[in-house]
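Notes to accompany the following structure.
Number of protein chains: 2
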Amino acid sequence: MATLTFARPLTRSKLSEEIENILLKGIITGELRAGEKLPAERDLAHELDVNRSTVRAGLSKLESLDLIEIRHGDGVYVKDFRESGNLELIRAMVRIDEQQRDSIIATLLEFRTIIGPQMASLAAVNRTDEHLANLEEVIKDKELSVLEKDIKVHHIIALASANTLYLFLLNFFNKFMTEFGHLYFDCPKNRERSVRFHEDIYQALRKQDAGKAAKIMGDVMKYSEDVVIANLQNVKKPRR
Amino acid sequence: MATLTFARPLTRSKLSEEIENILLKGIITGELRAGEKLPAERDLAHELDVNRSTVRAGLSKLESLDLIEIRHGDGVYVKDFRESGNLELIRAMVRIDEQQRDSIIATLLEFRTIIGPQMASLAAVNRTDEHLANLEEVIKDKELSVLEKDIKVHHIIALASANTLYLFLLNFFNKFMTEFGHLYFDCPKNRERSVRFHEDIYQALRKQDAGKAAKIMGDVMKYSEDVVIANLQNVKKPRR
DNA sequence: ATTGGTTCGGTGGTCCGACCATTGGACCAT
DNA sequence: ATGGTCCAATGGTCGGACCACCGAACCAAT
Numbered sequence: 001m002a003t004l005t006f007a008r009p010l011t012r013s014k015l016s017e018e019i020e021n022i023l024l025k026g027i028i029t030g031e032l033r034a035g036e037k038l039p040a041e042r043d044l045a046h047e048l049d050v051n052r053s054t055v056r057a058g059l060s061k062l063e064s065l066d067l068i069e070i071r072h073g074d075g076v077y078v079k080d081f082r083e084s085g086n087l088e089l090i091r092a093m094v095r096i097d098e099q100q101r102d103s104i105i106a107t108l109l110e111f112r113t114i115i116g117p118q119m120a121s122l123a124a125v126n127r128t129d130e131h132l133a134n135l136e137e138v139i140k141d142k143e144l145s146v147l148e149k150d151i152k153v154h155h156i157i158a159l160a161s162a163n164t165l166y167l168f169l170l171n172f173f174n175k176f177m178t179e180f181g182h183l184y185f186d187c188p189k190n191r192e193r194s195v196r197f198h199e200d201i202y203q204a205l206r207k208q209d210a211g212k213a214a215k216i217m218g219d220v221m222k223y224s225e226d227v228v229i230a231n232l233q234n235v236k237k238p239r240r
Numbered sequence: 241m242a243t244l245t246f247a248r249p250l251t252r253s254k255l256s257e258e259i260e261n262i263l264l265k266g267i268i269t270g271e272l273r274a275g276e277k278l279p280a281e282r283d284l285a286h287e288l289d290v291n292r293s294t295v296r297a298g299l300s301k302l303e304s305l306d307l308i309e310i311r312h313g314d315g316v317y318v319k320d321f322r323e324s325g326n327l328e329l330i331r332a333m334v335r336i337d338e339q340q341r342d343s344i345i346a347t348l349l350e351f352r353t354i355i356g357p358q359m360a361s362l363a364a365v366n367r368t369d370e371h372l373a374n375l376e377e378v379i380k381d382k383e384l385s386v387l388e389k390d391i392k393v394h395h396i397i398a399l400a401s402a403n404t405l406y407l408f409l410l411n412f413f414n415k416f417m418t419e420f421g422h423l424y425f426d427c428p429k430n431r432e433r434s435v436r437f438h439e440d441i442y443q444a445l446r447k448q449d450a451g452k453a454a455k456i457m458g459d460v461m462k463y464s465e466d467v468v469i470a471n472l473q474n475v476k477k478p479r480r
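Here the protein sequences come in this chain order: A and B. Mapping of the first sequence onto the numbering used here: residues 1 to 240, in sequence order. Mapping of the second sequence onto the numbering used here: residues 241 to 480, in sequence order.
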């Protein structure tokens, strides 16, 4: 049976999301400047030819991203996303501005190289037998692709580190991996490298050897960083 | 004139935010388990005795936090926040579960100690004359408190690093600093330490000395980490 | 001239009831 | 067992109304 791995789930956008994206783009590109006051919801609704509820739904999302400030009785104001922007905004920026995609991914990978060893070290110390069992189960699971395994392995390590911050940072990375991981895992050599990593890190965690865990993590992070960055440069579209 | 520095701005909560918090609490505490299906919006509205629009506003926020998944024509499902939670969720968790507050703040500070030097190093290399001028202006501004200066100084350093990821991570930290910074800056000795830091880091950026910038940042991060963690332990409420 | 109260128009927050769009399941025909 | 059709449930959008709040303008008292 054909697998259709190439077919991404289609995203039929909701109207409110279109509103969100219109304003989002305006803010990121700077057309809507920080401090500027947006038209009233009723006016926006009329201009964009949608209902006020729909506008409000879109604005609500932008407020969650800390890109605007909605003041009851006053109005809606654009914030300076350089001061208030959070990590979720990075994903939105990649969606809007494809120009920046490559450099952002490279930055992410560098960052992972910095914090990965720290997280692995913590995990080696704090891991429970249950974490170890879960890890073994994932590694041996024949149903999973290497990419899926890799994401789960990292997730278990983050859980084992018993550090909420690392866990949520990793979730952020994983959302990118799900989207762009193929850049790395399409190559059999890289898949082999990951399988080896999974086994090695498992042993390090089993022995609770923090130093070894950190080194193993650091090495594989550096390796993947180099590979992906090289890939990005290869497929980079030429700019005049 | 009295300053009222003790008076935090009052938060008159919106109804939709109460809905959000009710469900948020349920999810974080585990009462609402991952995968579980929530009652239909119409039923929720009836149970909570608010309008369906209000329920939708609350659900929309939770969706932004990636805590629930809203499926058109199907229903609303609880996600596993350990897999999907992002940094913004940490702030929500601190708001809901005060028990965890101290350990989370400590974690944040440790983390800052790890990435701070990296960011300072990048800033020393990539800073422009404009960054330097802004930095000087902030440091010399007599109107600002040391806490306000410190936040602005870090923000300029993050901007100078020319790294979107660091910038947005720092924004996240700053939101905590605005709330809990007094734990550190109430003490005159710590304020002096920060003033010295501002001057030193300015000089390092001026000379574009990456190594020195990293060391200066690392030292002050470690210092503040130790101080705040000691403070947290002092004010910790005794448990049973 | 400054301070404090009042009014009023504009704006976001909530409510109501209706209809549209999509989904999942039941049922049926092949 | 497969695919088609229909239906009830559910989220998305709509229009219109009213409430809560803010800011500016104005007024009143000192």
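Note that CB positions come from ideal geometry on N, CA and C, so glycine has one too. Please read all numbers here as calculations on a predicted model, not as lab measurements.
Item	Value
Collapsed DSSP secondary structure at residue 309 of chain B in the structure displayed	strand
Nearest-angstrom beta carbon gap, residue 260 of chain B and residue 288 of chain B [assumed within contact, 8 Å]	That belief does not hold up - the Cβ atoms of residue 288 of chain B and residue 260 of chain B are roughly 11 Å apart, past 8 Å.
Alpha-carbon to alpha-carbon, residue 192 of chain A and residue 203 of chain A	17 Å
Own chain partners of residue 177 of chain A with C-beta closer than 7 Å, once the 5 adjacent residues on each side are dropped	151
For residue 315 of chain B, three-class secondary structure by DSSP	strand
Chain-order list of residues whose beta-carbon lies under 8 Å from that of residue 376 of chain B (same chain, five-residue window excluded)	442
Buried versus exposed, by CB contacts within 10 Å (16 or more), residue 35 of chain A	exposed
Proximity to residue 268 of chain B [Cα-Cα], best of B/406, B/322, B/278, B/405	B/322
Bridge partner(s) assigned by DSSP for residue 265 of chain B	None, per the DSSP bridge assignment.
Cβ-Cβ distance between residue 396 of chain B and residue 422 of chain B below 8 Å	no
Beta-carbon gap between residue 272 of chain A and residue 25 of chain A smaller than 8 Å	Here chain A has residues from 1 to 240 only, and residue 272 of chain A is not among them.
Cβ neighbour criterion (16 or more within 10 Å) applied to residue 164 of chain A	buried
C-alpha gap between residue 256 of chain B and residue 214 of chain A, whole angstroms	44 Å
Where the segment 447-460 of chain B meets chain A: residues whose CB sits under 9 Å from a CB there	none
Assigned exposure category for residue 273 of chain B - 16 Cβ within 10 Å defines buried	exposed
N- and C-terminal bounds of the alpha helix (DSSP H) containing residue 203 of chain A	188-206
Closer than 8 Å to chain B by CB, residue 155 of chain A	yes
Alpha-carbon spacing of residue 117 of chain A relative to residue 347 of chain B, whole angstroms	16 Å
Proximity below 8 Å, CB of residue 65 of chain A to CB of residue 88 of chain A	yes
Runs of alpha helix (DSSP H) lying entirely within the segment 303-390 of chain B, each at least 4 residues, in chain order	321-324, 327-336, 341-366, 369-380
Residue-chain proximity (residue 178 of chain A, chain B), Cβ-Cβ < 8 Å	no
Pairwise C-alpha distance: residue 314 of chain B and residue 55 of chain A	23 Å
Where the alpha helix (DSSP H) through residue 414 of chain B begins and ends	404-420
8 Å Cβ cutoff met for residue 185 of chain A and residue 220 of chain A	no
Range of the contiguous alpha helix (DSSP H) that encloses residue 287 of chain B	281-288
Interface flag, residue 33 of chain A vs chain B, CB-CB below 8 Å	no
Bridge-paired residues (DSSP) for residue 37 of chain A	A/77
Contact set for residue 364 of chain B: own chain, Cβ-Cβ below 7 Å, skip 5 residues either direction	444, 445, 448, 449, 450, 453
Any chain B beta carbon closer than 8 Å to residue 51 of chain A	no
Cβ pair residue 456 of chain B, residue 360 of chain B closer than 8 Å	yes
Neighbourhood of residue 316 of chain B by C-beta, 6 Å cutoff - its chain only, sequence neighbours within 5 removed	278, 308, 310
Cutoff 7 Å; reference residue 262 of chain B; Cβ partners in own chain excluding five residues on either side	none
Helix, strand or coil at residue 222 of chain A according to DSSP, with G and I counted as helix	helix
Min CB distance residue 353 of chain B to chain A below 8 Å	no
Three-state secondary structure (DSSP) of residue 272 of chain B	coil
Listed by chain order, chain B residues near residue 171 of chain A by CB distance under 7 Å	323, 324, 325, 326
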